[in-house]
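**Student:** Adding 13 to a residue's 1-based position in the sequence shown gives its number in my numbering. I have a structure here, written as structure tokens, and I will follow up with some questions on it.
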Amino acid sequence: MGRIVWWDGKFIDYEEAKVPILNHSLQYGSGIFEGIRSYRGKKTYIFRLEEHLDRFFNSMKIYNMPVRFTKSEVREAIIELLRKNNLGDSYIRPFAFYNDDKIGLSVVGKPASIYIAAVEFGKYLGEKESISIKTSSWRRINSTVLPVKAKASGNYINSILANMEAKLSGFDEAILLDQNGYLSEGSAENIFLVKKGVIYTPSMSDSILEGITRDSVIKIGKFLGYEVVETEIPREDIYTSDEVFFSGTAAEITPVTNVDGIQISNGKIGKITREIIDTFSKIVRGYSDHFASWLTEV
Ligand SMILES: Cc1ncc(COP(=O)(O)O)c(C=O)c1O
């Protein structure tokens with residue numbers, strides 16, 4: 014854990030950063046957050062900081078959260094926080110919330126606070142080379158119920174249920190279907206399939222979070238010369254895929270070799286998955302000549 018956190022414009026000790034137990038966002042899930050990674054490579058870099066800041070501010074806008082800081086103030090705070098904590102590879106968590114301690118839902122007229130913390134971070138989905146996933150009996154929330162494009166705490170109750178069901182059934186992670194039964198995404202990851210050399214991923218209309226790693230994979234895939242298709246994907250297509258992998262800030266690119274007990278890619282990491290992982294790993298640590306604009310030096 015980084016010893017120092019940023020809270021509403023000040024750097025303070027982690028131990029001093031306390032909220033009341035009746036905190037609105039703790040009770041009702043009204044927080045907005047981001048998950049950003051930094052990597053130590055040639056130098057220390059934050060991966061796609063601008064896109065994460067855009068999504069953070071858009072999420073707050075969707076929820077009409079009164080923002081007291083500008084994007085550039087939050088950007089500077091994140092960079093300075095990493096300098097102060099001097100971490101290795103890290104996960105950065107900006108969190109906007111109502112630091113209120115009353116019973117009652119209404120947030121109209123209430124100010125929002127922002128904190129930013131950073132933790133040392135390795136692999137999210139365990140040390141195994143590839144993982145198993147289970148199709149959840151819970152459907153992915155959709156925009157008729159909650160804005161899925163906003164990265165809001167409350168959305169993750171849906172993810173937590175799916176992840177719990179998968180883990181209790183002996184799988185590493187869950188995949189959720191959308192309202193129409195098409196593939197949507199993992200509990201905190203986007204999903205990709207490879208069939209006959211073409212890369213497929215559910216489209217924006219399949220109730221997915223617009224993943225920044227997803228966008229990176231699409232761009233890397235095209236750069237490597239592959240056709241990348243964003244489309245509705247029926248559930249059964251995943252079982253007959255040559256390769257399956259997850260993308261996400263925490264998950265990075267995680268190969269999947271077992272879906273609902275059906276083996277994919279003979280249980281091995283597929284060639285295209287491997288190529289994308291290798292390219293991605295070089296880019297994030299500053300060892301590639303391409304996509305340099307995705308990196309912010311600390
Ligand atoms: C529900 C969900 N889907 C997908 C992702 C992947 O998005 P990103 O690549 O921007 O981290 C995340 C993680 O942020 C997530 O929470």
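From the three backbone atoms N, C-alpha and C, an ideal C-beta is built for every residue, glycine too. Quick caveat: nothing in here was measured; it's all calculated off a predicted structure.
If you drop the 5 nearest sequence neighbours on each side, which residues of the same chain put their C-beta closer than 8 Å to that of S216?
**Tutor:** E243, T244, E245
**Student:** Hey, I188 and I204 are a contact pair by Cβ (cut 8 Å); roughly how many whole angstroms apart?
**Tutor:** 6 Å
**Student:** Beta-carbon within less than 7 Å of Y300's beta-carbon, same chain only, minus the 5 sequence neighbours each way: which residues are those?
**Tutor:** G54, K55
**Student:** On the DSSP letters alone, give me the boundaries of the beta strand (DSSP E) that F259 sits inside.
**Tutor:** 256-261
**Student:** Would you mind sorting G117 into buried or exposed? The rule is 16 or more other CB atoms within 10 Å of its CB.
**Tutor:** exposed
**Student:** So which of S197, S182, Y137, I127 has the shortest CA-CA distance to V161?
**Tutor:** S197
**Student:** Determine, using beta-carbon pairs with one atom in the segment 91-108 and one in the segment 71-83, whether at least three such pairs fall under 8 Å.
**Tutor:** no
**Student:** Closer than 6 Å by C-beta to S72: which residues in its own chain qualify, once you throw out the five before and the five after it? Chain order, please.
**Tutor:** For S72, where only same-chain residues beyond five positions count, the Cβ hits under 6 Å are I45, A163, K164.
**Student:** Distance, Cα to Cα, V32 vs S43?
**Tutor:** 14 Å
**Student:** Going along the chain, which residues of its own chain have a beta-carbon closer than 6 Å to the beta-carbon of E240, five neighbours each way excluded?
**Tutor:** Cβ neighbours of E240 beyond the five flanking positions: V211.
**Student:** Taking the DSSP output, what are the residues bridged to I243?
**Tutor:** At residue 243 the sequence reads Glu, which differs from the Ile that was named. E243 is bridged to T214.
**Student:** So Y41 is in the alpha helix (DSSP H); what residue range does that whole segment cover?
**Tutor:** 37-41
**Student:** Should E47 go down as buried or exposed, given a rule of 16 or more other Cβ atoms within 10 Å for buried?
**Tutor:** Residue environment for E47: buried (at least 16 other C-beta atoms within 10 angstroms of its C-beta).
**Student:** Report the rounded CA-to-CA distance for I275 versus F70, giving the unit in angstroms.
**Tutor:** 40 Å
**Student:** What is the residue span of the alpha helix (DSSP H) that V311 lies within?
**Tutor:** That residue, V311, is in no alpha helix (DSSP H); it is neither H nor E in DSSP.
**Student:** For T214, which residues in the same chain have their Cβ closer than 6 Å to its Cβ, ignoring the five residues on either side in sequence?
**Tutor:** F205, E243
**Student:** With DSSP as the reference, identify every bridge partner of T267, one or two as the case may be.
**Tutor:** F259
**Student:** Where in the segment 265-304 do unbroken runs of the alpha helix (DSSP H), each at least 4 residues long, occur, reported from the N-terminal end onward?
**Tutor:** 284-297
**Student:** Hey, would you say the C-beta of Y27 is under 8 Å away from at least one heavy atom of ligand 1?
**Tutor:** No - ligand 1 has no heavy atom lying nearer than 8 Å to the Cβ of Y27.
**Student:** Please list, following the chain, all residues that have a C-beta closer than 6 Å to any non-hydrogen atom of ligand 1.
**Tutor:** G48, S172, E198, A201, E202, N203, L222, G224, I225, T226, R227, S260, G261, T262
**Student:** Which runs of the alpha helix (DSSP H) spanning at least 4 residues fall entirely within the segment 22-88, listed in chain order?
**Tutor:** 37-41, 62-75
**Student:** DSSP puts T148 in a beta bridge; with which residues?
**Tutor:** I188
**Student:** Out of D113, A130, Y41, I266, state which residue places its alpha-carbon closest to the alpha-carbon of G122.
**Tutor:** Put simply, of D113, A130, Y41, I266 the residue whose alpha carbon is nearest the alpha carbon of G122 is D113.
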